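Participant:
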Amino acid sequence: MLYPVTLPLSSPTPLATLHHTSSEIWELEMHSGFDNRLTTTFILNVLNVALDIVEKDWRASTKQAGAPGAFIISGKHDQTKFFSNGFDFDTVAGDTSFLPGVFNPFLARYLTFPIPTVAAMNGHAFAAGFLLALASDYRVMTSGRGWGCMNEIQFGAPLPASFAAVLDYKLSSPNLIRSAALEGTRFTAEDLHALGIVDVIAEDIIPAARSLAKLRAPLAKTGVWGLMKVGTSTPFHP
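Listed below in structure tokens is the structure:
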């Protein structure tokens, strides 16, 4: 595979770019509009395809010996406004096949991806965008810019069972889940770091995410990283 890879493949209007910045690190830079909405097209033709490419490349490198590996997902590198603003709610609200047929299968796969995953939250992460960050194994966030927020309560969208299950696993207490899901609290980077949700706060977020990814990449070498998560962090079945 020749990198960088623009996604969707062969599209005249790329929505993301997959970089392979070192032998063990892959990075998906989202640049879909100004806020990286998680549409059907984006999930099927960007997120799923990126995971396909990364997993194929990583597994090819493990044939002779166990190989390290890690995956970073971020918003567009040259901005600090949005990581992801979640679903295009008006589009998906009436599509009964979207959750069971599109988002939940992606989420289940991402939660158990075979190499460590790092969300570089270089801007706001709202609703499903925040869930995407929570579904990652590690989180790095820019100091003083951007919130993490499950704001569905503010626009009248009940939480799907898959969302509730991820929150139940990833957040540490009933009070924190109440604050996030029922009150729509806007958490700052400092809030999330104090709560143990964000691992690193950094001004220069992409290098910080790469450093964390490089540190954790060797954990993939034995080939059981994803299998361990199947037993410990798969909170739902799509």
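In the numbering used here, the protein residues as written are 1037 to 1274.
We put the beta carbon where it would ideally sit given N, CA and C, even for glycine.
Only a predicted model underlies this, so the values are computations on that prediction, with no experimental measurement involved.
1) Within the continuous beta strand (DSSP E) that includes residue 1242, where are the two ends?
2) Just checking, does the region 1203-1220 make contact with the region 1245-1252 on the three C-beta pairs under 8 angstroms criterion?
3) Between the region 1176-1186 and the region 1127-1138, are three or more C-beta pairs nearer than 8 angstroms?
4) Flag this pair as yes or no: are the beta carbons of residue 1111 and residue 1066 separated by less than 7 angstroms?
5) How far does the alpha helix (DSSP H) with residue 1268 in it extend, from its first residue to its last?
6) Please state if the CB of residue 1190 and the CB of residue 1165 are separated by a distance shorter than 7 angstroms.
7) Quick one: any contact between the region 1152-1162 and the region 1083-1095, if contact means 3 or more CB pairs under 8 angstroms?
8) Write down the C-beta distance between residue 1061 and residue 1253 rounded to the nearest angstrom, noting that I regard them as a contact closer than 8 angstroms.
9) Please confirm whether residue 1133 and residue 1161 have their CB atoms less than 7 angstroms apart.
10) May I have a chain-ordered list of the alpha helix (DSSP H) segments no shorter than 4 residues that lie completely inside the region 1069-1144?
11) Measure the alpha-carbon distance for residue 1103 versus residue 1227 and round it to whole angstroms.
12) If we ignore side chains and look at the alpha-carbon of each, how far apart do residue 1142 and residue 1209 end up?
13) Going by DSSP, what residue range makes up the alpha helix (DSSP H) through residue 1164?
14) Taking 7 angstroms as the limit between beta carbons, can you name the residues of its chain near residue 1224, skipping five residues before and five after?
15) What first and last residue would you give for the alpha helix (DSSP H) that runs through residue 1213?
16) Give me, in chain order, the residues of the same chain whose beta-carbon lies closer than 7 angstroms to that of residue 1081; leave out the 5 immediate sequence neighbours on both sides.
17) With distance defined between alpha-carbon atoms, name the residue in 1098, 1260 and 1052 nearest to residue 1064.
18) For residue 1149, which residues of its own chain have a beta-carbon under 7 angstroms away from its beta-carbon, when the five flanking residues on both sides are left out?
19) Going along the chain, which residues of its own chain have a beta-carbon closer than 7 angstroms to the beta-carbon of residue 1235, five neighbours each way excluded?
20) Going along the chain, which residues of its own chain have a beta-carbon closer than 6 angstroms to the beta-carbon of residue 1109, five neighbours each way excluded?
21) What number of angstroms, rounded off, separates the C-alpha of residue 1118 from the C-alpha of residue 1158?
22) Flag this pair as yes or no: are the beta carbons of residue 1202 and residue 1169 separated by less than 7 angstroms?
23) For residue 1237, write down the residues that DSSP places opposite it in a beta bridge.
24) Name the residue from 1258, 1266 and 1267 whose alpha carbon lies nearest to the alpha carbon of residue 1105.
25) Could you check if residue 1207 is buried or exposed, using at least 16 other CB atoms within 10 Å of its CB as the buried criterion?
Facilitator: Reading off the structure:
1) That residue, residue 1242, is in no beta strand (DSSP E); its alpha helix (DSSP H) goes 1241-1252.
2) Result no; under three Cβ-Cβ pairs closer than 8 angstroms.
3) With contact defined as three or more Cβ pairs closer than 8 angstroms, the region 1176-1186 and the region 1127-1138 are not in contact.
4) Contact flag set, yes.
5) For residue 1268, the uninterrupted alpha helix (DSSP H) segment begins and ends at 1261-1268.
6) No, these two residues do not count as a Cβ contact at 7 angstroms.
7) In short, these stretches do not touch, since the Cβ pair count stays below three.
8) Contact between residue 1061 and residue 1253 holds, since their C-beta atoms are separated by about 7 angstroms, short of 8 angstroms.
9) No; because the gap between Cβ atoms is not below 7 angstroms, this pair is not in contact.
10) Within the region 1069-1144, the complete alpha helix (DSSP H) runs of at least 4 residues are 1084-1097 and 1125-1128.
11) Cα-Cα distance, rounded: 35 angstroms.
12) Inter-residue distance for residue 1142 and residue 1209 is about 26 angstroms (C-alpha atoms, whole angstroms).
13) Note, residue 1164: alpha helix (DSSP H), 1164-1171.
14) For residue 1224, where only same-chain residues beyond five positions count, the Cβ hits under 7 angstroms are 1183.
15) Taken as a continuous stretch (DSSP letters only), the alpha helix (DSSP H) holding residue 1213 covers 1210-1213.
16) Cβ neighbours of residue 1081 beyond the five flanking positions: 1043 and 1044.
17) Residue 1064 has its Cα closest to that of 1052, out of 1098, 1260 and 1052.
18) For residue 1149, where only same-chain residues beyond five positions count, the Cβ hits under 7 angstroms are 1087, 1107 and 1262.
19) Closer than 7 angstroms at the Cβ level, and outside the excluded window around residue 1235, lie 1174, 1175, 1176 and 1248.
20) Closer than 6 angstroms at Cβ, skipping near neighbours: 1064 and 1155.
21) So the two alpha carbons sit approximately 6 angstroms from each other.
22) Against a cut-off of 7 angstroms, the Cβ pair of residue 1169 and residue 1202 comes out as no contact.
23) For residue 1237, which the question treats as bridged, DSSP gives the partners 1177.
24) Residue 1258 is the option with its Cα nearest to residue 1105.
25) Buried, since its Cβ has 16 or more Cβ neighbours within 10 Å.
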